[in-house]
Structures are given as structure tokens and as C-alpha cells.
Amino acid sequence: MQTITCDVCRKKVEDPFTNRTLFYYAQYSVCEACKDNLENQMKTTVRGKEPFSYDWYGKLVGDSLSKSVSRGR
Ligand SMILES: [Zn+2]
């Protein structure tokens, strides 16, 4: 059995199913709860961004995640 630890909350995810119970962003592995959190945090920022660009989005995700990882949630 494979166990991956979420980089944000340090919770263990057993038998991770990519994009269902475990999500990969940049260099981080993120559990479902933390992914929802992250998306909620970014929602307002993303909504106001015009034009939308994936490079920008990728950077935003990386920045938000490194903040979450250093906060531990
Ligand atoms: Zn997590």
C-alpha cells in the first residue's frame, strides 16, 4: 500500500488516487481538503484576473501553496 503525506496539513493519504484524493501542484502533494482550501483562497484573486493566463495561475498556485506549507494548513 502506498501512503503519501500531504505537504500542507501533513495528513497521510493512503492509496492516493491522483486528481481524486490527491492532487499535485508544482512540487507539492496536496490532499483533497487542502486543495479545496487552496481553491477557495484563490477564487477571488482568479475571478479578478483578466486576461487569464495559465503561467500566471501556475505561479499563483505555487505562491499560495508555499505560504500554506509554511503555515502548516
Ligand atoms: Zn492536506
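In this text, residue positions in the sequence shown follow numbering that gives the first Met the number 0: the first is 0, and each later residue adds one.
Yeah, the Cβ is synthetic: ideal placement off N, Cα and C, and Gly gets one too.
Among E13, F16, T44, A32, which one has its Cα closest to the Cα of V7?
Cα-wise, what sits closest to V7 is A32.
With 16 as the cutoff for other CB atoms within 10 Å, does F16 come out buried or exposed?
So F16 ends up on the exposed side.
Less than 8 Å separating the beta-carbons of L64 and Y23?
Result no, Cβ atoms of L64 and Y23 do not sit closer than 8 Å.
Find the nearest neighbour of S69 within the set L21, F51, R19, R9, judged by alpha-carbon distance.
Cα-wise, what sits closest to S69 is R9.
Suppose the cutoff is 6 Å on Cβ atoms and the five residues either side in sequence are ignored; what does the same chain contact list for A25 look like?
Correct list, in chain order: G61.
Using a Cβ-Cβ cut-off of 8 Å (strictly less than) and excluding sequence neighbours within five positions of T4, which residues of its own chain qualify?
So the list reads K10, K11, V12, S28, once near-sequence residues are dropped.
Burial state of K34, where buried means 16 or more other Cβ atoms lie within 10 Å
It is buried - the Cβ of K34 has at least 16 other Cβ atoms within 10 Å.
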